[in-house]
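**Q**
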Amino acid sequence: MQQTVTAKLLDHPRNAWYVAAWDHEVGRKKILARTVAGRPLALYRTEDGRAVALADACWHRLAPLSQGTLMGPEDIRCPYHGITYDARGRCTSMPAQETINPSALVPSFPVVDRYRYVWVWVGDPALADPDLIPDMHQMTDAAWTGDGLTIHAPCNYQLILDNLMDLTHEEFVHSSSIGQKELSESEFVTSHTDTTVTVERWMHDIEAPPFWLKNMRDKFPGFSGRVDRWQIIHFEAPSTICIDVGVAKAGTGAPEGDRSQGVNGYVMNTITPETARSSHYFWSFQRNYRLDSQLITTQLRDGVHGVFGEDEAMLSAQQAAIDANPDYEFYSLNIDAGGMWVRRILERMLLAEGRDHAPAPRRGAQLVR
Amino acid sequence: MAVSRTEVWQGGTVVASRALTPEIRRIEIEVDDPGPVDPGVHVDVRLTIAGERDRRSYSIVDATDDGRRIALSVYTSPASRGGAAVMNALAPGDRLELTRPLNDFPLRPGADRYVLIAGGVGITAMVGMAASLRARGADYRVLYAGRSRPLMAYVDDLQRIHGERLSLHVRDEGTSLSIPAVVDGIPPGTEVYVCGPIRLMDAIRREWMRRGRPVADLRMETFGNSGWFDAQEFTVRIPATGIEARVRPNQSMLEALEAAGADMMWDCRKGECGLCEVRVLGLEGDIDHRDVFYSERQKDARSKMCCCVSRVVAPAGGSAVVEIVTS
Ligand code: FES
Ligand code: FES
Ligand SMILES: [Fe+2]
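Taken in order, these protein sequences are the chains called A and B.
FYI, the numbering used here numbers position 326 of the first sequence as 1290, with every residue one higher than the one before it.
FYI, the numbering used here numbers position 77 of the second sequence as 93, with every residue one higher than the one before it.
In structure tokens form, the structure reads like this:
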């Protein structure tokens, strides 16, 4: 029997695809420096548009390559003594010598452009199968539209997963937009597979909170009345959570599958651990109605940005409290079922990599890379 | 991808030792602190050679999945600097000091195609790489060159595992490697890994550069222990300090200079970094360049040497002397 340890700081799997950046953040004008799963990366594109992720430390004296210069179709030149590397990290020239040291190279990491993101694999490259990238098709599917932003959250990635797996917090954290007391009152159902967890909640015949009332009126001008509301949270290992959310005119059959009298959105979240205490939280709100309206896209992005600002404030306060109270433990409630299954899956991934739950101490953690 | 140059020393116990060929012995060691063994890694072993503490690098041929039991192959060349004799004398139960696996020759994923070229005992670095390429379904070939079949280790295993992807080139059988043909036959986008005697590496590098192929696609492992000529004794002098030393065949010029009290700078001690460079003032004999640091042009100039690996050989009938300036 496996007991899941509610570690306050959970280490992250390395054999996984993580989003390093939005596709538009990686280009040739500027080399992007970003730490993904503890690994500092220099991200750029080759002249033919392929995204490249190299370790952000030159082979020679570890100067950050992200401060270097792009040369020719795919090379990058170290800002310090000018060693150049190709997109696979092989050294292509050395200063002041006619040969190249046979051991000269920087690690290059597998990269895939998909769903408007640049995904990177910092673990064993032999295992980097693009089919393992979580399904986020609503990001690019013509039946959906939307936009999002990135939050740089000063907390362990697991706290964000906890936050998204249990939306009862909306009643308290987001009281002016999407929160309402029915969230705590309604039942939820949790299910899981080896790599996924789903938490489903329906609230029947309720008042629409302000955010949802506005969305209903975008689709059904002048709408008023009660709604059926749903939240179907879908986690895919290690850290992608897509939430099917919406409301429909009460009693029009949404719980049975007919959502035509409602509005449907997908909150697409994918969390990339940065360090043990910081995370890149990429999110987007995708909708499947009024696809042509850039106005609604922008309003929704800004609205959700405001809501997520409330989460960010809570998450950073929570991490600060965890750090300030090292001798106190976590306890769990029934509402944590989804988050606990997520932890169980992550613990098993870590175990499979021969690693423990807790992140290694800061120094010396990754001497062997 | 382990690219580790961080030395961590550990203990190990010899559990088996047997001759694979008259010149190559397989030594299996159970290490105290097992860890992952990536393709292309080597360990450094601490040895006491002729009363002095020293170290030698050996590629790991294969290992158990948990990395507890590793196998090395030790080659005894006529020019051996004494390390092989010490290693060959090891018997089950003997303890030794060695590093955790180090990697200066990592197999990089992502190339369209791979060609591994091994000469002689260089095959020890390639066995694991070939297995890993096969396991990940890569497009690869292994070329294995040697003098005669009885001297070539692991031939049967390689044939069994790699079948058609392996080609053997045996000098005795008239199937020697034709390096220009090999290089011509390698399509663009292929990554080439070479491990073997310096002659093989130099020849491949020369053909590669002559054709203007991308340098980054050619990767070579060298432990700096083979030369164009057999190692001979020679004399090195540093006129500026009056230091003079005899360099024994089983000793490097760097070692002899250090023993004679010269203050030497070095890092890799295998002919890669160029830090041990000395300038040649006077020379009776020829330089046997065993490094991969200098270009062919620089080697031909006979004005500098990497003294950690390179040597001097005598002119016919005479004795070899080199006068140098250290950096
Ligand atoms: S640190 Fe990059 S070239 Fe020296
Ligand atoms: S010490 Fe590096 S080449 Fe001699
Ligand atoms: Fe929230």
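Backbone N, C-alpha and C fix where the C-beta goes; we use that ideal spot for every residue, glycine too.
On a predicted model such as this, the values are computed, not experimentally measured, just so you know.
#1: So for residue 320(B), helix, strand or coil by DSSP?
#2: Relative to chain A, which residues along the segment 284-306 of chain B have a C-beta separation below 9 angstroms, given in chain order?
#3: Determine the chain D residues that contact residue 1022(A) at a beta-carbon separation under 9 angstroms, and present them in chain order.
#4: How many angstroms separate the CA atom of residue 1110(A) from the CA atom of residue 1129(A)?
#5: On the CB-based measure, 16 or more other CB atoms within 10 Å of its CB, does residue 1331(A) come out buried or exposed?
#6: Among 137(B), 178(B), 172(B) and 165(B), which residue has its Cα nearest to the Cα of residue 150(B)?
#7: Considering residue 1168(A), what are the terminal residues of the alpha helix (DSSP H) in which it resides?
#8: Could you list which residues in chain B have their beta carbon closer than 8 angstroms to that of residue 1066(A), in chain order?
#9: Is the segment 1211-1223 of chain A touching the segment 1089-1099 of chain A in the sense that three or more CB pairs, one from each, lie closer than 8 angstroms?
#10: Note down the Cα distance separating residue 1175(A) from residue 80(B), rounded to an integer number of angstroms.
#11: Opposite residue 1003(A) in the DSSP bridges: which residues?
#12: Give me the Cα-Cα distance between residue 1377(A) and residue 1154(A), rounded to the nearest whole angstrom.
#13: Can you pull the chain A neighbours of residue 126(B), defined as C-beta to C-beta under 8 angstroms?
#14: In chain B, which residues lie with their C-beta within 9 angstroms of the C-beta of residue 1010(A)?
#15: Please say whether residue 247(B) and residue 327(B) have beta carbons closer to each other than 7 angstroms?
#16: Can residue 59(B) and residue 1066(A) be called in contact, C-beta distance under 7 angstroms?
#17: So is residue 93(B) in contact with chain A if we call contact Cβ pairs under 7 angstroms?
#18: What would DSSP say about residue 134(B), mapped onto helix, strand or coil?
#19: Quick check on this structure: which residue in 321(B), 283(B), 157(B) and 316(B) has the alpha carbon closest to the alpha carbon of residue 199(B)?
#20: Decide if residue 321(B) is buried, meaning its Cβ has at least 16 other Cβ atoms within 10 Å, or exposed.
#21: 7 angstroms is my cut-off, CB to CB: does residue 326(B) come that close to chain A?
#22: Run through the segment 223-250 of chain B for me and flag every whole beta strand (DSSP E) of 3 or more residues, listed as ranges in chain order.
#23: Whole-angstrom Cβ separation of residue 37(B) and residue 168(B), contact assumed at under 8 angstroms?
#24: When you compare each of 991(A), 1250(A) and 999(A) to residue 1012(A) by their alpha carbons, which one comes out closest?
#25: For residue 75(B), which beta-bridge partners are listed by DSSP?
#26: Check this for me: beta carbons of residue 1296(A) and residue 1112(A), under 7 angstroms apart or not?
#27: Using a Cβ-Cβ distance cut-off of 7 angstroms, determine whether residue 1056(A) contacts chain B.
#28: Please classify residue 281(B) as buried or exposed, where buried requires at least 16 neighbouring CB atoms within 10 angstroms.
#29: Using 10 angstroms around the beta-carbon of residue 1294(A), count the other beta-carbons present and answer buried if the total reaches 16, otherwise exposed.
#30: Three or more C-beta pairs under 8 angstroms: does that hold for the segment 1219-1233 of chain A against the segment 1099-1110 of chain A?
#31: Using 6 angstroms as the cut-off, classify the Cβ of residue 986(A) as near or not near the heavy atoms of ligand 2, replying yes or no.
#32: Shorter than 6 angstroms, the distance from the beta carbon of residue 1303(A) to the closest heavy atom of ligand 4, or not?
#33: Considering just the uninterrupted stretch of the alpha helix (DSSP H) at residue 1305(A), what are its terminal residues?
#34: Would the C-beta of residue 1275(A) count as close to ligand 3, meaning under 6 angstroms from any of its heavy atoms?
#35: What's the C-alpha gap between residue 263(B) and residue 273(B)?
#36: Is it a yes or a no for the segment 136-143 of chain B touching the segment 108-118 of chain B, going by three-plus beta-carbon pairs under 8 angstroms?
**A** Here's the rundown:
#1: The answer is strand: DSSP assigns residue 320(B) an E or B state.
#2: Flagged, chain order: 284, 288, 289 and 290.
#3: Note that chain D does not occur in the displayed structure, where the protein chains are A and B.
#4: The straight-line gap from Cα to Cα measures roughly 22 angstroms.
#5: The predicted model places residue 1331(A) with a pLDDT of 34, which falls under 50 and marks its position as unreliable, so this point remains unresolved.
#6: Of the candidates 137(B), 178(B), 172(B) and 165(B), the one whose C-alpha sits nearest the C-alpha of residue 150(B) is 178(B).
#7: Following the DSSP letters along the chain, one finds residue 1168(A) in no alpha helix (DSSP H) but inside the beta strand (DSSP E) bounded by residues 1160-1171.
#8: Simply 120, 121, 235, 236, 237, 238, 288 and 308.
#9: Touching, no.
#10: The alpha-carbon of residue 1175(A) is positioned some 59 angstroms away from that of residue 80(B).
#11: 1000(A).
#12: No answer is possible for residue 1377(A): the residues shown for chain A start at 965 and end at 1333.
#13: Within chain A, the residues near residue 126(B) are 1052, 1072, 1074 and 1089.
#14: Result: empty, since nearest Cβ-Cβ is about 13 angstroms, beyond 9 angstroms.
#15: Yes; because the gap between Cβ atoms is below 7 angstroms, this pair is in contact.
#16: No, Cβ-Cβ distance for residue 59(B) and residue 1066(A) is not below 7 angstroms.
#17: So, not an interface residue.
#18: In this structure, residue 134(B) counts as strand in the three-state DSSP scheme.
#19: Across the set 321(B), 283(B), 157(B) and 316(B), the C-alpha of 157(B) shows the shortest separation from the C-alpha of residue 199(B).
#20: Its Cβ being crowded by 16 or more others within 10 Å, residue 321(B) is buried.
#21: Cβ-Cβ to chain A under 7 angstroms: no for residue 326(B).
#22: Segments of the beta strand (DSSP E) lying fully in the segment 223-250 of chain B: 234-237.
#23: Here residue 37(B) really is in contact with residue 168(B); their C-beta atoms are around 7 angstroms apart, less than 8 angstroms.
#24: The candidate whose alpha carbon is nearest that of residue 1012(A) is 991(A).
#25: In the DSSP output, where bridge partners are listed per residue, residue 75(B) has 58(B).
#26: Their beta carbons are not under 7 angstroms apart, which means residue 1296(A) does not touch residue 1112(A) by this criterion.
#27: Chain B contact via Cβ: present.
#28: Counting Cβ neighbours within 10 Å, residue 281(B) comes out exposed, since fewer than 16 surround it.
#29: That one is exposed.
#30: Yes, the segment 1219-1233 of chain A touches the segment 1099-1110 of chain A.
#31: Because no heavy atom of ligand 2 lies under 6 angstroms away, the Cβ of residue 986(A) does not count as near it: no.
#32: Questions concerning ligand 4 fall outside what the structure shown contains, since the ligands it does hold are ligand 1, ligand 2 and ligand 3.
#33: Start and end: 1301-1316.
#34: Under cutoff, so the answer is yes.
#35: Separation of residue 263(B) and residue 273(B) (C-alpha to C-alpha, rounded to the nearest whole angstrom) is 8 angstroms.
#36: By the C-beta criterion, the segment 136-143 of chain B is judged not to be in contact with the segment 108-118 of chain B, since fewer than 3 inter-stretch pairs fall below 8 angstroms.
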